[in-house]
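**Student:** In our numbering, the protein residues as written are 37 to 243.
C-beta atoms are modelled at their ideal positions from N, C-alpha and C, and glycine is treated no differently.
First the structure, which I've put down as structure tokens, then a few questions once you've had a look.
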Ligand SMILES: [Zn+2]
Ligand SMILES: [Zn+2]
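Following this line, the structure appears as structure tokens:
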């Protein structure tokens, strides 16, 4: 306890402030951020489904008819109201300056996924970075793998994890997949307000 206080004191006197919670530690050491990270990731995932539906044409029929369907459908997030194609949206935070060509995506139930694939599922992968200080998400790239791509093992490998019913989607080289055109004016998504509400209710219920 004394140690903690001492280091707090030292950091306070050095003017260190956490951008995340305004505490006297660097944001890399923030205990609240560490606890919230998985929840926040989930929330960002939900936001991204709406981001895709509101800003993109259907990759198959090119109509502005994508619609987010509820939360409780495994391996299915969006349908096109025009051509009835089905899409799953996966979002991935990558902050390296240069994006790698291969992308690993943790995924839910392997069995659900296989059923969806047989129903014609397509996959939209949104890659984003986060500016923690400005509380901004920067959309970096949106990749599209259609049903044919998803069943082509040379492009994408989907495997069941050991001792688990979960699966992993491995995109071997995203260069061989389609990129969806981004609206340059909508690459930044501010989440300050959402973030504040979320953080406050989290802190209230946990501390
Ligand atoms: Zn903090
Ligand atoms: Zn469509």
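Shorter than 6 Å, the distance from the beta carbon of residue 61 to the closest heavy atom of ligand 2, or not?
**Tutor:** Translated into the one-based positions of the chain shown, residue 61 becomes position 25. Residue 61: no, Cβ never under 6 Å from ligand 2.
**Student:** Would you mind working out which of 192, 74 and 215 sits nearest residue 209, comparing C-alpha positions?
**Tutor:** Position 173 of the chain shown holds residue 209. Ranking 192, 74 and 215 by Cα distance to residue 209 puts 192 first.
**Student:** Do residue 179 and residue 225 have their C-beta atoms within less than 7 Å of each other?
**Tutor:** For this step, residue 179 is matched to residue 143 along the chain shown. For this step, residue 225 is matched to residue 189 along the chain shown. For residue 179 and residue 225, no; Cβs fall outside 7 Å.
**Student:** Does the beta carbon of residue 231 fall short of 6 Å from some heavy atom of ligand 1?
**Tutor:** Here the question's residue 231 lines up with position 195 in the chain shown. Because no heavy atom of ligand 1 lies under 6 Å away, the Cβ of residue 231 does not count as near it: no.
**Student:** Tell me the rounded alpha-carbon separation between residue 187 and residue 204.
**Tutor:** Start at 1 with the first residue of the chain shown, and residue 187 comes out as number 151. Start at 1 with the first residue of the chain shown, and residue 204 comes out as number 168. If I take the Cα positions, the gap works out to 14 Å.
**Student:** In angstroms with no decimal places, state the Cα-to-Cα distance between residue 77 and residue 184.
**Tutor:** Mapped onto the chain shown, residue 77 falls at position 41. Mapped onto the chain shown, residue 184 falls at position 148. Spanning the two alpha carbons is a distance of roughly 29 Å.
**Student:** Give me the DSSP bridge partner(s) of residue 143.
**Tutor:** For the purposes of this step, residue 143 is identified with residue 107 of the chain shown, where counting begins at 1. Answer by DSSP bridge pairing, in chain order: 203.
**Student:** Mapping DSSP to helix, strand and coil, what is residue 69?
**Tutor:** Locating residue 69 in the chain shown gives position 33, counting from the first residue. Helix at residue 69.
**Student:** Mind checking whether residue 56 and residue 69 have CB atoms under 7 Å apart?
**Tutor:** As a first step, residue 56 is located in the chain shown; it is residue number 20 there, counting from the start. As a first step, residue 69 is located in the chain shown; it is residue number 33 there, counting from the start. The answer is yes: Cβ separation under 7 Å.
**Student:** Which whole-angstrom value is the C-beta distance of residue 75 and residue 89, which I expect to be below 8 Å?
**Tutor:** Against the chain shown, residue 75 aligns to sequence position 39. Against the chain shown, residue 89 aligns to sequence position 53. So it is not a contact: roughly 22 Å between Cβ atoms.
**Student:** Would you kindly work out how many angstroms separate the C-alpha atoms of residue 217 and residue 71, rounded to a whole number?
**Tutor:** By one-based count along the chain shown, residue 217 stands at place 181. By one-based count along the chain shown, residue 71 stands at place 35. Looking at the two C-alpha atoms, the distance is approximately 35 Å.
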